[in-house]
Amino acid sequence: MGFSQALSGLNAAATNLDVVGNNIANSQTVGFKGGNVQFADVFAGAGAGLGTRVAGILQDFSNGNIETTNRNLDLAISGNGFFRFSQNDETVYSRNGQLTLTKDGFLENATGARLMGYPAGEGTGGQPVELNIPASGLAAVATQAVDSSLNLDATADGLDPALFDYQDGDTYSYANTGTVYDSLGVQHSMTMYFVKDGANPNQWQVFVGLDGQAPTGPQTLEFDGNGTLTNGITANYNFPQTNGAADLNFDLDFGGTTQFGGDFALNTLNQDGFAAGNLVGIAIDEGGNLVGTYSNEQTQVLGTIALANFRNPEGLKAVGDNAWAMTGASGQELLGLAGTGVFGDIEAGALESSNVDLTQELVDLIIAQRNYQANTQTIKVQDEVLQNAVNLR
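Using our numbering, you'd call the opening residue of the sequence shown number 8 and step up by one each time.
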């Protein structure tokens with residue numbers, strides 16, 4: 008029976024050599040997970056055993072090192088989870104986040120599998136779909152709100168608001184200009200004129216004009232003895248347009264404006280409109296959000312990457328190309344977003360290296376080789392014993 012035991016040992020050692028060799032061959036493969044052979048004895052019921060067998064090949068799903076590449080479409084998962092891909096109408100899972108953007112706007116890996124996630128604005132309640140970056144630009148948005156906070160000099164000379172003339176700088180105390188946008192994305196110059204009321208030193212009259220035209224108003228800003236705005240005014244302004252755009256209508260909020268003894272100073276002037284823009288870049292944050300950057304300096308979330316995890320990742324079935332498929336042993340997939348629950352963060356501009364320890368694998372290779380040689384020696388000895396038995400005749 009010695010031949011059969013030795014043969015089983017040879018087969019097991021050969022499998023071990025295959026696994027170790029595969030680990031070494033993939034030591035530079037992005038997101039690769041090394042394998043380990045599990046052996047078990049063959050029970051004979053009585054007397055000597057019947058040798059050994061390969062009980063299974065387990066994959067080590069510990070994390071590899073994160074290596075920076077500075078390429079915005081290189082992604083690594085720092086922690087638990089898998090990227091979810093669609094390939095040939097099947098769902099596969101991978102830790103390899105080397106992606107490219109196709110001409111059709113899909114994010115694909117080198118094998119053509121498409122990254123899956125949730126479209127912008129649709130939440131995470133449904134099933135992930137193939138993420139697509141729209142080729143269309145960002146439409147113009149008309150200004151609807153303007154926030155202005157400034158300091159009006161309490162020591163300025165008072166004037167008669169009734170004599171205000173926007174073309175005569177001696178009839179107003181201070182002016183400031185900002186930008187607003189109409190519904191076609193056309194930029195307009197909005198000017199605010201401030202007149203300190205000579206009859207009431209704690210009141211200022213505000214006139215607002217567009218594109219150098221005669222302003223509307225006035226609106227009154229009133230301050231207390233501490234220079235704090237007391238009426239918290241938000242005024243609405245409407246300017247008809249002649250270029251085919253809708254009327255430019257916005258609220259102008261002066262909250263935070265003060266009247267202190269100091270220079271006129273504009274602290275903030277913000278508005279919520281913008282011109283149309285073309286997509287010029289994509290960034291991915293640690294939560295897996297695809298953030299588009301546009302030529303009008305705006306950004307917009309275009310979708311969110313979905314991550315998957317399993318109760319027993321070792322039960323996943325390797326399907327090649329550094330990907331796995333779900334099985335009954337792995338359990339059903341758990342879907343979620345990066346940085347939440349059992350899911351790690353996504354690091355853009357980085358890749359997860361193979362978790363293979365090359366030094367350890369070379370040691371294991373020597374051990375597997377010695378094991379193979381030892382089993383061949385068993386066959387050799389058994390052959391000599393049988394030869395001696397034959398020679399007894």
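Glycine residues also receive a C-beta, built at the ideal position from the N, C-alpha and C atoms.
Check	Outcome
So what's Ala-242 in DSSP terms, helix, strand or just coil?	strand
Quick check on this structure: which residue in Asn-296, Gly-322 and Glu-368 has the alpha carbon closest to the alpha carbon of Tyr-125?	Asn-296
Could you check the C-alpha separation between Asp-81 and Glu-74 for me, to the nearest Å?	10 Å
For Ser-93, collect the residues of the same chain with a Cβ closer than 6 Å to its Cβ; drop the 5 residues on either side in sequence, then sort them by chain order.	Arg-121, Met-123 and Glu-137
Going by the beta-carbon positions, is the gap between Ser-190 and Ala-253 smaller than 8 Å?	yes
Go ahead and pull the three-state DSSP assignment for Tyr-438.	Past the edges of the chain, shown from 8 to 400, lies residue 438, and the structure says nothing about it.
Contact between the stretch 283-297 and the stretch 350-357: three or more CB pairs below 8 Å?	yes
Taking only the alpha-carbon atoms, compute the straight-line gap between Gly-42 and Thr-311 and give it to the nearest angstrom.	32 Å
First and last residue of the beta strand (DSSP E) that includes Phe-5?	Examination of residue 5 is not possible in this model, given that the chain is present from 8 through 400 alone.
To the nearest angstrom, how far is the alpha carbon of Ile-423 from that of Ser-337?	Since the first residue of the chain shown is 8 and the last is 400, residue 423 is not available in this structure.
Rounded to whole angstroms, what is the Cα-Cα separation between Asp-4 and Asn-238?	Examination of residue 4 is not possible in this model, given that the chain is present from 8 through 400 alone.
Cβ of Ile-374 within 7 Å of any heavy atom in the ligand MG?	This structure simply doesn't include the ligand MG, nor any ligand for that matter.
Who are the near neighbours of Asn-316 in its chain, counting only those whose CB is closer than 8 Å to its CB and skipping five residues on each side?	Asn-87, Gly-88, Phe-89, Glu-340, Leu-341, Gly-343, Val-349 and Phe-350
In or out: Glu-129 buried (at least 16 other Cβ within 10 Å) or exposed?	exposed
Relative to the alpha-carbon of Val-215, which residue among Thr-107, Gln-226 and Asn-209 has its alpha-carbon at the smallest distance?	Gln-226
My output table needs one value for Leu-170: the three-state DSSP class, helix, strand or coil.	helix
Less than 8 Å between the CB atoms is what I'm expecting for Phe-39 and Asn-329, so what's the real figure, rounded?	6 Å
Rounded to the nearest angstrom, how far is the Cβ of Ala-182 from that of Gln-278, given a contact under 8 Å?	Wrong, their Cβ atoms sit about 17 Å apart, outside the cutoff.
For Ile-240 versus Phe-261, is the C-beta distance shorter than 8 Å?	yes
Which whole-angstrom value describes the C-beta separation of Asp-371 and Val-27, a residue pair presumed to lie in contact below a C-beta threshold of 8 Å?	5 Å
Is the beta carbon of Leu-24 less than 8 Å from the beta carbon of Gln-45?	no
Can you tell me where the beta strand (DSSP E) holding Ser-196 begins and where it ends?	194-203
Could you give the C-beta distance for Phe-267 and Gln-305, rounded to a whole number, given that I count them as a contact under 8 Å?	Actually they do not touch by this definition, with Cβ atoms about 35 Å apart.
In whole angstroms, what separates the C-alpha of Arg-102 from that of Ile-373?	29 Å
Going by alpha carbons, who is nearest to Gly-185 out of Ala-47, Leu-369, Gln-194 and Ser-302?	Gln-194
Using alpha carbons as the reference points, say which of Asn-139, Gly-133 and Met-199 lies closest to Thr-109.	Asn-139
To which residues of the same chain is Leu-323 closer than 6 Å at the C-beta, ignoring the five residues directly before and after it?	Trp-331 and Ser-337
Please report how far the alpha carbon of Ala-283 lies from the alpha carbon of Ser-302, in whole angstroms.	8 Å
What residues in its chain sit with their C-beta under 7 Å from that of Asn-382, if we drop five residues either side in the sequence?	Ala-13, Gly-16, Leu-17 and Ala-20
Taking just the CA atoms, how far does Gly-232 sit from Tyr-179?	22 Å
Expressed to the nearest angstrom, what Euclidean distance is found between the alpha-carbon atoms of Lys-203 and Ala-146?	40 Å
What residue range does the beta strand (DSSP E) around Asn-256 cover?	255-260
With the cut-off set at 8 Å, would you say Glu-368 and Phe-68 are in Cβ contact?	no
Helix or strand or just coil, what does DSSP make of Leu-57?	coil
If Leu-157 sits next to Leu-273, beta carbons under 8 Å apart, how far is it from one beta carbon to the other, in whole angstroms?	5 Å
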